[in-house]
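Participant: Sharing a structure here in structure tokens format.
2 protein chains.
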Amino acid sequence: MLNKAFAKTLREVRAKRGLSQEALSFQTDLHRTYISQLERGLKSPSLETLNQLCKALGISKSAFLKKVELEEKHHATS
Amino acid sequence: MLNKAFAKTLREVRAKRGLSQEALSFQTDLHRTYISQLERGLKSPSLETLNQLCKALGISKSAFLKKVELEEKHHATS
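Quick note, the sequences are listed as chains A and B, same order.
Counted from 1, the first sequence has number 8 at position 8 by my numbering; the numbering is strictly sequential.
Counted from 1, the second sequence has number 23 at position 23 by my numbering; the numbering is strictly sequential.
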């Protein structure tokens, strides 16, 4: 499922950058609660939110979505 | 600007597929008016909408966003 794949990718990329949800919240101006909801697959982001997150995480939107697609594929076959 | 780059990419990919806005509307269950607004940069899509559009257009989300990024770059330097 897209939300879940997005959630897992966001958690992983954020952790790899050594950023807390608080730090990412500060850098994106998105509420920490909202980031937490995104990371649990409870909310679906807009393209604009994806853009803000990717900028703060130093990853291109296309590279981020490539990771999301790998997660989706993983779940489709497992 | 992201909305404009997305709009241009959507118009171009749809045209390349030889699909009308009506046909894309039918295949995605998105309203034709909404697709028209997306293609003029008046609306910003959700990740879920991007997903539906890409499925109907037969392109991966990451490949679509790669094109969007090229548009953004083009506008940033022109």
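From the three backbone atoms N, C-alpha and C, an ideal C-beta is built for every residue, glycine too.
Note that the structure is predicted; figures quoted are calculated from it, not measured.
Taking buried to mean at least 16 other C-beta atoms within 10 Å of its own C-beta, is residue 14(B) buried or exposed?
Facilitator: To locate residue 14(B), count along the second sequence from 1; it is residue 14. Label assigned to residue 14(B): buried.
Participant: Below 6 Å CB to CB, which residues in the same chain sit around residue 72(A) once its five sequence neighbours on both sides are set aside?
Facilitator: The sequence position of residue 72(A) within the first sequence is 72, counting from 1. Counting only Cβ-Cβ distances below 6 Å, and skipping sequence neighbours, we find 5.
Participant: Expressed to the nearest angstrom, what Euclidean distance is found between the alpha-carbon atoms of residue 63(A) and residue 22(B)?
Facilitator: Taking the first sequence and counting its residues from 1, the one referred to as residue 63(A) is at position 63. Taking the second sequence and counting its residues from 1, the one referred to as residue 22(B) is at position 22. In a straight line, the C-alpha of residue 63(A) is about 31 Å away from that of residue 22(B).
Participant: Could you tell me the alpha carbon to alpha carbon distance between residue 46(B) and residue 44(A), rounded to whole angstroms?
Facilitator: As a working note, residue 46(B) is residue 46 in the second sequence. As a working note, residue 44(A) is residue 44 in the first sequence. Roughly 7 Å separates the two Cα atoms.
Participant: Give a yes or no on whether 8 Å exceeds the smallest Cβ distance from residue 38(B) to chain A.
Facilitator: Taking the first residue of the second sequence as position 1, residue 38(B) is located at position 38. No - not a single Cβ of chain A is within 8 Å of the one on residue 38(B).
Participant: Output needed in chain order: residues of the region 4 to 21 of chain A with a Cβ under 9 Å from some Cβ in chain B.
Facilitator: Cβ contacts with chain B: 6.
Participant: By the criterion of Cβ-Cβ separation under 8 Å, what are the contact partners of residue 61(A) in chain B?
Facilitator: Walking along the first sequence from the start, residue 61(A) turns up at place 61. Residues of chain B passing the Cβ test: 65, 68 and 69.
Participant: Check whether the Cβ atoms of residue 68(B) and residue 28(B) lie closer than 8 Å to each other.
Facilitator: If you number the second sequence from 1, residue 68(B) lands on position 68. If you number the second sequence from 1, residue 28(B) lands on position 28. Their beta carbons are not under 8 Å apart, which means residue 68(B) does not touch residue 28(B) by this criterion.
Participant: Leaving out five residues on either side along the sequence, give the residues of the same chain with a beta carbon under 7 Å from the beta carbon of residue 36(B).
Facilitator: In the second sequence, counting from the first residue as 1, residue 36(B) sits at position 36. Only 21 meet the Cβ criterion.
Participant: Just to confirm the assignment, what range does the alpha helix (DSSP H) spanning residue 43(B) have?
Facilitator: Locating residue 43(B) in the second sequence gives position 43, where the first residue counts as 1. It is not in any alpha helix (DSSP H) - residue 43(B) carries neither H nor E in the DSSP assignment.
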